[in-house]
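Q:
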Amino acid sequence: MNAPESIAAVLSQEQKEYLQGFTAGLAAAGALPAAQAPVGVDAQGKLTAAPIAGTPNQAEVPTWFGWPIDEITREEQLKREENPLDIWDKILAHARDNKPPQGGDVYRFKFHGLFYVAPAQDAMMLRVRIPGNALSSLQMRALAGIAADLGGGYGDVTTRGNIQIREIAPRHMVDVLMRLSDVALTSRGAGADNVRNITSSPLSGLDATELVDTRPLARALQFYLINNRDLYGLPRKFNVSFDGAGRVSVLTDTNDIGFVATRVLDHAGVAPGVYFRVFLAGITGHLRFADDCGLLVTPDECVAVAAAMLRVFAEHGDRTDRKKARLCYLIDRLGVPEYLERVQAKLAFPLRFLAADRCLSRPPVDKHAHLGIHAQRQPGHSSIGIAIPVGRMRAEQMHALAQLADDFGSGELRVTVWQNIILPDVPDEEIAGAAAAIRAIGFDTGASTITGCVVACTGNTGCRFSATDTKGQALLLARHLDERVRLDTAINIHLTGCPNSCAQHYIADIGLLGVQVPQGERSIEGYHVYVGGGVEQQRGLGREIAKNIPFADLPSTLERLLQAYLEHRCPGEVFVDFARRHDVEALRAYAGEPQT
């Protein structure tokens, strides 16, 4: 993020005139033959044999990462004016005076994981990085303590496996960052235009079907990122995932870079063994899935390849249009081959390419297999998936989860991108006791309920962009459906409050996009309804079957749709396949919506 401006931009007019006069005098005296004139740089930073002509032009077009300064976005101007990594004294001053950041500092504070979320809440929100989605009981206790002592008394699991703590007074900003550091956690780079939480499968190291435990790679990449300043302040936010190719995936399709483990057999042209295939440019909020770019990398090469890809993005990504600043748009502009050529130029080892059909096919994934009780690869031990409705945990529940990890497991918890928690390493003889203890703190282990599979963004109680109270309404909706629809298979319902799609409504079995529904002279909260989304082997975007449904009408609409699924499905048919087997008009009829 320390992009140099053009040479002319740092010279005064007097210095430029002196240099022009000096070179002109030499030429007039014959001291420099024309063929040996000094080399200069023009306005685009290219070498020129006419520095006198080039120098004045330079001053007219100062640049930032190659983009004219008068064209870059407000956020880029803020980075250029003051590096957000160099504002610790400001954070100290604001904490001392109990003042939230204002103006451009609202954006800069996000580089430290501190979000001023007014007007939804006149308070700060803390977002904590959890690389590889694994944290210790000690760390969970620390987060519970921050929530209870300095925040609103609760924590939220996010769709990247972070934990967020809200309602923090500005005076506590320094305290929360120090308490994170005490337990080897950080929030640095957790917001703004940075690499967000680096995810792994929540069953990494536990799943007997996976090819490799990816947690060390997620941790290694995080440590590389937080120790290289040039990888902050990207053109836009960036998501990276590592998938060990086990039973539970990590939603590779939704990431800017997704590393997916694969096995190469003999006679494929490369040494047999476990590698990673590389997927690029997923962003489902823009209706884009990540695609296999053909690369095959070893585990030892992953961090270097990710760093090279990030640096190419930092150098060439669009800094003039926030809507076109994600990696997918750079790849649209360059094309995959040229993008990878620029990546190769930053690496000391050659990239290798191999067709996907030369690798062993991945077994089917089960997005719901993180819930419930599952045997681990470690004999005599199981993991227990804990359903956390909409990802919200009271501070006392967070403390209790930490205690469960100590009492029944190995002192570790896993955080999932479905806003749930996994308790690993439970001896089989302790499963019944652990399950009872989980129920005693207000959670469940079942995956066949709506409540256990509902995902919701923050909503308008904590986010100014949201049109609806997604978390509160998700709980009401789930309760209504669980009481009236007897499901024997899990169905995901994702509620997101705005088109940014933080809850990824396009890839859900049922996706709900919050809107304000006109009602006479006022408006009320409601949703557009999408069905049939999925990832991995079920990859596809949900189709819109209803618009502007007031929330009061939504529970009965979805009840009719789910009852129709139970009545008309084929044997063994999951909801996504049922939805895709029917056209939109048939699904609208099942939901009781008028035909278009």
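Residue numbers for the sequence shown follow my numbering, beginning at 964 and rising by one.
Glycine included, each C-beta is placed from N, C-alpha and C at the ideal position.
Where N1423 and V1211 are concerned, what is the direct C-alpha to C-alpha distance, given to the nearest angstrom?
A: Mapped onto the sequence shown, residue 1423 falls at position 460. Mapped onto the sequence shown, residue 1211 falls at position 248. Near 31 Å, if we compare the C-alpha coordinates of V1211 and N1423.
Q: Using the C-alpha atoms, what's the distance from L1529 back to L1140?
A: Taking the first residue of the sequence shown as 1, we reach residue 1140 at position 177. Taking the first residue of the sequence shown as 1, we reach residue 1529 at position 566. Approximately 49 Å, taken between the alpha carbons.
Q: Which of the three DSSP states, helix, strand or coil, is assigned to C1426?
A: Here residue 1426 corresponds to residue number 463 of the sequence shown, with the count starting at 1. Of the three classes helix, strand and coil, the one that applies to C1426 here is coil, per DSSP.
Q: Once the 5 residues before and after Y1070 are set aside, which same chain residues still bring their CB inside 7 Å of it?
A: By 1-based counting over the sequence shown, the position of residue 1070 is 107. The answer, listed in chain order, is E1038, L1041 and A1155.
Q: Considering C1291, what are the terminal residues of the alpha helix (DSSP H) in which it resides?
A: Reading the sequence shown from its first residue, position 328 is the one you call residue 1291. Where C1291 is concerned, the enclosing alpha helix (DSSP H) stretches over L1290 to L1297.
Q: Leaving out five residues before and five after R1543 in sequence, what residues of the same chain have Cβ atoms less than 6 Å from its Cβ?
A: Position 580 of the sequence shown, counting from 1, holds the residue named residue 1543. G1495, listed in sequence order.
Q: Can you give the Cα-Cα distance for N1218 and E1034, rounded to whole angstroms?
A: Stepping through the sequence shown from its first residue, residue 1218 is reached at position 255. Stepping through the sequence shown from its first residue, residue 1034 is reached at position 71. Counting only the Cα atoms, E1034 lies some 28 Å from N1218.
Q: Tell me, please, which residues DSSP counts as bridged to T1520.
A: Position 557 of the sequence shown, counting from 1, holds the residue named residue 1520. DSSP output for T1520 lists no bridge partner at all.
Q: Would you call the stretch 1056-1066 and the stretch 1314-1332 in contact, with 3 or more CB pairs under 8 Å?
A: no
Q: Indicate whether V1498 and L1214 have their beta-carbon atoms separated by less than 7 Å.
A: Mapped onto the sequence shown, residue 1498 falls at position 535. Mapped onto the sequence shown, residue 1214 falls at position 251. Yes, these two residues count as a Cβ contact at 7 Å.
Q: CB-CB under 7 Å to A1208, same chain, minus the five flanking residues each way: which ones, in chain order?
A: Within the sequence shown, the letter at position 245 stands for residue 1208. Within the same chain, A1208 has close Cβ partners E1173, L1174, V1223, A1224, T1225 and R1325.
Q: Rounded to whole angstroms, what is the Cα-Cα separation between V1275 and R1305?
A: Taking the first residue of the sequence shown as 1, we reach residue 1275 at position 312. Taking the first residue of the sequence shown as 1, we reach residue 1305 at position 342. If I take the Cα positions, the gap works out to 7 Å.
Q: Does the stretch 1339-1354 come close enough to the stretch 1374-1383 to have 3 or more Cβ pairs within less than 8 Å?
A: yes
Q: Near H1443, what residues of its chain come up, given a Cβ to Cβ distance below 6 Å and the 5 sequence neighbours on each side ignored?
A: As a first step, residue 1443 must be located in the sequence shown, where it is residue number 480. Cβ neighbours of H1443 beyond the five flanking positions: P1518.
Q: Per DSSP, what kind of secondary structure is H1491 in: helix, strand or coil?
A: As a first step, residue 1491 is located in the sequence shown; it is residue number 528 there, counting from the start. Three-state DSSP puts H1491 in a strand.
Q: At which residue ranges does the stretch 1434-1506 contain complete beta strand (DSSP E) runs of 3 or more residues, listed in the order of the chain?
A: Listed in chain order, they are 1456-1459, 1473-1482 and 1485-1494.
Q: Compare the beta carbon distance of A1365 and R1104 with 7 Å and say whether it is the shorter of the two.
A: As a working note, residue 1365 is residue 402 in the sequence shown. As a working note, residue 1104 is residue 141 in the sequence shown. Yes, these two residues count as a Cβ contact at 7 Å.
Q: In angstroms with no decimal places, state the Cα-to-Cα distance between A994 and W1030.
A: As a first step, residue 994 must be located in the sequence shown, where it is residue number 31. As a first step, residue 1030 must be located in the sequence shown, where it is residue number 67. Residue placement at A994 cannot be trusted, given a pLDDT of 49 that sits under 50; the coordinates are not used to answer.
Q: Grouping DSSP H, G and I as helix and E and B as strand, with all else coil, what is H1337?
A: On the sequence shown, position 374 is the one that residue 1337 refers to. If DSSP states are grouped into helix, strand and coil, H1337 belongs with the strands.
Q: Locate the beta strand (DSSP E) running through E1130, then write down its first and last residues.
A: On the sequence shown, residue 1130 is found 167 positions in, with the first residue counted as 1. E1130 -> beta strand (DSSP E) spans I1126 to I1131.
Q: Could you check which residue in I1401, I1454, E1375 and A1400 has the C-alpha nearest to that of T1414?
A: The count along the sequence shown starts at 1 and reaches residue 1414 at position 451. For T1414, the nearest C-alpha among the options comes from I1454.
Q: With distances taken from CA atoms, which of A1554, G1108, G1555 and C1256 is nearest D1138?
A: Counting from 1 along the sequence shown, the entry for residue 1138 is found at position 175. Closest option to D1138, Cα to Cα, is G1108.
Q: Specify whether the stretch 1089-1099 and the stretch 1143-1160 touch according to this definition: at least 3 beta carbon pairs, one from each stretch, less than 8 Å apart.
A: yes
Q: With the cut-off set at 7 Å, would you say L1458 and T1433 are in Cβ contact?
A: Counting from one through the sequence shown, the residue named residue 1458 turns up at place 495. Counting from one through the sequence shown, the residue named residue 1433 turns up at place 470. Yes, these two residues count as a Cβ contact at 7 Å.
Q: Is I1109 helix, strand or coil when you go by DSSP?
A: Position 146 of the sequence shown, counted from the first residue, corresponds to residue 1109. It is helical.
Q: Check whether the Cβ atoms of R1402 and Y1117 sit closer than 7 Å, and answer yes or no.
A: By 1-based counting over the sequence shown, the position of residue 1402 is 439. By 1-based counting over the sequence shown, the position of residue 1117 is 154. Taking 7 Å as the Cβ cut-off, R1402 and Y1117 do not qualify as a contacting pair.
Q: Within the continuous alpha helix (DSSP H) that includes S1144, where are the two ends?
A: In the sequence shown, counting from the first residue as 1, residue 1144 sits at position 181. For S1144, the enclosing alpha helix (DSSP H) begins and ends at M1136 to D1145.
Q: Whole angstroms is fine: what's the gap from R1523's alpha carbon to G1555's?
A: Here the question's residue 1523 lines up with position 560 in the sequence shown. Here the question's residue 1555 lines up with position 592 in the sequence shown. Straight across, the Cα-Cα distance linking R1523 with G1555 is about 7 Å.
Q: Quick one: Cα of V1266 to Cα of L1180, how far?
A: Stepping through the sequence shown from its first residue, residue 1266 is reached at position 303. Stepping through the sequence shown from its first residue, residue 1180 is reached at position 217. The straight-line gap separating the alpha-carbon atoms of V1266 and L1180 is approximately 7 Å.
Q: For R1226, which residues does DSSP report across the bridge?
A: Position 263 of the sequence shown holds residue 1226. DSSP lists V1237 as partners of R1226.
Q: Report yes if the C-beta of L1290 is less than 6 Å from at least one heavy atom of the ligand FMN; otherwise report no.
A: For the ligand FMN, the structure offers nothing, since it holds no ligand at all.
Q: With distances taken Cα to Cα, identify the nearest neighbour of R1449 among A1147, H1279, D1193 and L1525.
A: To locate residue 1449, count along the sequence shown from 1; it is residue 486. Comparing Cα-Cα distances from R1449 to each of A1147, H1279, D1193 and L1525, the minimum goes to L1525.
Q: Kindly indicate which residue of A1132, F1078 and R1289 has the alpha-carbon position closest to the one of N1463.
A: Here residue 1463 refers to the residue found at position 500 when the sequence shown is read from its first residue. When each option's Cα is compared against that of N1463, the closest is R1289.
Q: Are the stretch 1141-1148 and the stretch 1313-1323 touching by the rule of at least three beta carbon pairs closer than 8 Å?
A: Segments in contact, no.
Q: Between the beta-carbon of V1539 and the beta-carbon of Q1500, is there less than 7 Å?
A: For the purposes of this step, residue 1539 is identified with residue 576 of the sequence shown, where counting begins at 1. For the purposes of this step, residue 1500 is identified with residue 537 of the sequence shown, where counting begins at 1. No, the pair does not count as a contact, with Cβ atoms beyond the cut-off.
Q: Which one or two residues does DSSP pair with H1344 in a beta bridge?
A: The residue labelled residue 1344 in the question sits at position 381 within the sequence shown. In the DSSP assignment, the residues bridged to H1344 are P1390.
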